[in-house]
Amino acid sequence: MATATATTVSPYNEVRSDLWRPLSGASPRYLAILAGLAAIVLWGAFAWSYQLLHGIGVAGIRRPVFWGFYLIDFVFWIGISHAGTLISAILRLTDAGWRKPVTRAAEAITVFALMIGGMFPIIHLGRAWLFYWLFPYPNSRLLWPNFRSPLVWDVTAISTYLTGSAIYLFLPLIPDVAQLAKHATGWRRFVYRKLSLGWTGSDREWNALEHAMKLMACIILAVAVSVHTVVAWDFSMSVAPMWHSTIFGPYFVVGAIFSGIAALLIAMAIIRRAMHLEKYLTPHHFNNLSKLLLLMSLLWLYFTVSENLTAWYGNEPKEMNVFGAQLRGSFAPYFWAMVFCNFVVPFILLGIKKLRTIKTAIIASITVLIGMWLERFLIIIPTLSFGRLSSTWGNYAPSWVEISITVATFAAMIALYLIFAKLFPIIAVWEFEQE
Amino acid sequence: MHLTREFSDRKSLIHALRDLQEMGVTPKDLDIFSTEPLELPQSALARPSHMSLAVVTGAISFGLCVIGFVYYAQHSYPIITGGMPIFSFWATGVVFYELTMLGSILMSLLWFLKESGLFKSKPPAPSYSDGSICLRVECSQEQEPSIRKLLEAHSK
Numbered sequence: 012m013a014t015a016t017a018t019t020v021s022p023y024n025e026v027r028s029d030l031w032r033p034l035s036g037a038s039p040r041y042l043a044i045l046a047g048l049a050a051i052v053l054w055g056a057f058a059w060s061y062q063l064l065h066g067i068g069v070a071g072i073r074r075p076v077f078w079g080f081y082l083i084d085f086v087f088w089i090g091i092s093h094a095g096t097l098i099s100a101i102l103r104l105t106d107a108g109w110r111k112p113v114t115r116a117a118e119a120i121t122v123f124a125l126m127i128g129g130m131f132p133i134i135h136l137g138r139a140w141l142f143y144w145l146f147p148y149p150n151s152r153l154l155w156p157n158f159r160s161p162l163v164w165d166v167t168a169i170s171t172y173l174t175g176s177a178i179y180l181f182l183p184l185i186p187d188v189a190q191l192a193k194h195a196t197g198w199r200r201f202v203y204r205k206l207s208l209g210w211t212g213s214d215r216e217w218n219a220l221e222h223a224m225k226l227m228a229c230i231i232l233a234v235a236v237s238v239h240t241v242v243a244w245d246f247s248m249s250v251a252p253m254w255h256s257t258i259f260g261p262y263f264v265v266g267a268i269f270s271g272i273a274a275l276l277i278a279m280a281i282i283r284r285a286m287h288l289e290k291y292l293t294p295h296h297f298n299n300l301s302k303l304l305l306l307m308s309l310l311w312l313y314f315t316v317s318e319n320l321t322a323w324y325g326n327e328p329k330e331m332n333v334f335g336a337q338l339r340g341s342f343a344p345y346f347w348a349m350v351f352c353n354f355v356v357p358f359i360l361l362g363i364k365k366l367r368t369i370k371t372a373i374i375a376s377i378t379v380l381i382g383m384w385l386e387r388f389l390i391i392i393p394t395l396s397f398g399r400l401s402s403t404w405g406n407y408a409p410s411w412v413e414i415s416i417t418v419a420t421f422a423a424m425i426a427l428y429l430i431f432a433k434l435f436p437i438i439a440v441w442e443f444e445q446e
Numbered sequence: 156m157h158l159t160r161e162f163s164d165r166k167s168l169i170h171a172l173r174d175l176q177e178m179g180v181t182p183k184d185l186d187i188f189s190t191e192p193l194e195l196p197q198s199a200l201a202r203p204s205h206m207s208l209a210v211v212t213g214a215i216s217f218g219l220c221v222i223g224f225v226y227y228a229q230h231s232y233p234i235i236t237g238g239m240p241i242f243s244f245w246a247t248g249v250v251f252y253e254l255t256m257l258g259s260i261l262m263s264l265l266w267f268l269k270e271s272g273l274f275k276s277k278p279p280a281p282s283y284s285d286g287s288i289c290l291r292v293e294c295s296q297e298q299e300p301s302i303r304k305l306l307e308a309h310s311k
């Protein structure tokens, strides 16, 4: 990959027309893809409705494995959500110039991934209509809102992160929608005008935006780290084999950023190709993100080795049952596939400079996403399958309902992203002009 | 009354701003419009912001409300805890932390809306060509000729 310098910035009108071009019209190909994705999402909605009608028993979760695909997907999507806001906030605070075409694409991933991830605990509840019982408010229903439960911590952490990420995405969108409102017609003009909140481009507005974005970047960094730490605590606060670990918090955060960067690379490559934004999303951006992905791959390996080596050295019988199942037992194919996807592929494709291209970055990113999903699977299922009492050991096989809902969420993510990219400039026009 | 003038570069705008303030025009009476953020030296146009202070205050207030709420919620049910404390500060710590951060996020948004004046009633923004900078000065009838002259001199 050529380590080109940052993008040569085109004159104002050219930048704007380039970045606004994808917003106008919808090609038959775009509509066909959207229709296909909508069909998958509808199938997922049907599967969920089936579960609501017939009860949680239609899912594959059984004692002792009472956390299955839903919780794997929950942790996976919350991890993906770390793509955007965290990366965008770090790059914004360090004033990295190359971040400009990347940030909005990343922030949008965060919001959509959180929306999807946040749904899974509700799906997992079975009786989804009682989800509001998770909100801790005084006990009018004679229920005890257990603030000591990490699951209640999850509700507060994810609500905060979703609120913060949505605001963090929306604020820098205001100047762009204000400009769009001036030039758009029909319903778009109405929507953009409402969303622009009466933005005029005065220096008071710009100053306030700059201050707010700097503060939000600091806050969102602290929240993002805490969110995945809290998700890790769902596991590590229980005294279950291979879960009760002090490094689970940072291990989850590293894994989340790792999968987040992979998702961002894939999204950027699709945007670049589909919207002809080669001039703005240059090999330079892919090269920088590929290096970050490689760094996270090495960090992930470090944490994985550290976690497993400690368990092996301790030789605690209950932990060794799970450890053995993962490394050489029934879960070994998944474990070694995870290592191959998360370390071997990125290390070879991105570590060797000559091999590092946009195409190999995408291949590595896809394998990382597969690997990280497998990692979440391996954290949850083996521990529950091989509990402390051998008489309670059991297996887990996902049902068609769980598989359908999982696939549908991937389709939903892509569909939401496509719709967003059709409605709003996926690269902040005003940030580009600023150069 | 308002006077507006377009500037094609930042330098002449800065000179105009300095001269205007020397003439007695306050920053409150000045508005600069542009399609991109302008980085101006503090000496040219001071716009002090209290957002950081507001956000910290908001976060602390929200956090204290959360502690109070959680304490109240846990005490409002007569649960038998076998001598364990009914309100566990450390276990509530995560909820406290997250909602304190939520307080700071919401305060950032509110203070942004306040400082930007987005919801305030204000005179309509002047129309100006894309990519240029527009300066609007609020002045009295008496000041008008001298300010107009100054603006014309700087925007040439």
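These protein sequences, in sequence, are chains G and A. Count the first sequence with the numbering used here and you get residues 12 to 446, in order. Count the second sequence with the numbering used here and you get residues 156 to 311, in order. Idealized CB from N, CA, C, for every residue including glycine.
Looking from the CA of F354 (chain G), the closest CA among G:Y203, G:I277, G:S270 and G:L292 belongs to G:S270. Listed along chain G, the residues sitting closer than 9 Å to L200 (chain A) by beta-carbon distance are D214. Taking a C-beta distance under 9 Å as the contact criterion, L361 (chain G) and A348 (chain G) do not qualify as a contact pair. In the three-state DSSP reduction, I72 (chain G) falls in the coil class, being neither helix nor strand. In the DSSP assignment, H222 (chain G) falls within the unbroken alpha helix (DSSP H) covering D214 to S247.
T159 (chain A) is bridged by DSSP to A:R291. DSSP places F267 (chain A) in the uninterrupted alpha helix (DSSP H) bounded by F244 to S271. The beta-carbon distance between L182 (chain G) and A223 (chain G), rounded to whole angstroms, is 6 Å. This is short enough to meet the 8 Å contact definition. Under the Cβ distance rule, N298 (chain G) does not count among the residues neighbouring chain A, no pair being separated by less than 9 Å. C-alpha of Q197 (chain A) to C-alpha of S28 (chain G): approximately 34 Å in a straight line. Ranked by how close their Cα comes to the Cα of P132 (chain G), the residues G:A177, G:D84 and G:K111 have G:D84 in first place. Here the alpha carbon of A243 (chain G) sits roughly 18 Å from the alpha carbon of L173 (chain G). For I437 (chain G), the secondary structure class from DSSP, reduced to helix, strand or coil, is coil.
Scanning A:S189, A:A228 and A:H230 for the CA closest to the CA of S282 (chain A) turns up A:S189.
Three or more beta-carbon pairs drawn from the region 428 to 441 of chain G and the region 272 to 291 of chain G are found closer than 8 Å, and the two stretches are therefore classed as touching. Here D165 (chain G) carries a helix assignment [DSSP, helix/strand/coil]. Contact holds between the region 123 to 131 of chain G and the region 422 to 432 of chain G, because three or more Cβ pairs, one in each stretch, are under 8 Å apart. Apart from the 5 residues on each side of it in sequence, S176 (chain G) sits with its Cβ closer than 8 Å to the Cβ of S92, G95, T96, E118, T121, V122, L125 and I231 in its chain, given in chain order. Below 8 Å, enough C-beta pairs join the region 263 to 282 of chain A and the region 199 to 212 of chain A to call them touching: three or more. Contact annotation: G218 (chain A) and T247 (chain A) have beta-carbon atoms that are not nearer than 9 Å.
I187 (chain A) has A:L290 as its beta-bridge partners, per DSSP. Among the residues of chain A, those whose CB is under 7 Å from the CB of S237 (chain G) are Y252 and E253, following chain order.
Residues of the same chain with a CB within less than 8 Å of the CB of D285 (chain A), apart from the 5 flanking positions on each side, are T190 in chain order. With respect to the 9 Å criterion, Y291 (chain G) and F431 (chain G) are not classified as neighbours on the basis of their beta carbons. With respect to the 9 Å criterion, W441 (chain G) and Q62 (chain G) are not classified as neighbours on the basis of their beta carbons. The beta carbon of I215 (chain A) does not come within 9 Å of any beta carbon belonging to chain G, so the residue lies off that interface.
Per DSSP, the unbroken alpha helix (DSSP H) holding R103 (chain G) starts and ends at G95 to L104.
Judged by their CB atoms, Y345 (chain G) and F388 (chain G) are nearer to each other than the 9 Å cut-off. Each of G:F77, G:W54 and G:W384 was checked against the Cα of Y407 (chain G), and the nearest Cα belongs to G:F77. 9 Å or more divides the Cβ of A343 (chain G) from the Cβ of S396 (chain G). Taking 9 Å as the threshold, the shortest C-beta distance from I169 (chain A) to chain G does not fall below it. Relative to the Cα of L304 (chain G), the nearest Cα in the group G:I369, G:V250, G:P328 and G:N332 belongs to G:I369. Between the region 245 to 265 of chain G and the region 380 to 394 of chain G there are three or more inter-stretch CB-CB distances shorter than 8 Å, so the stretches are counted as touching.
Under the 9 Å criterion on CB atoms, G47 (chain G) is classed as non-interfacial with respect to chain A. Residue nearest to F351 (chain G) within the set G:S415, G:I363 and G:G382 is G:G382 (criterion: CA-CA distance). By alpha-carbon distance to Y262 (chain G), the top candidate from G:N319, G:L208, G:A228 and G:S402 is G:N319.
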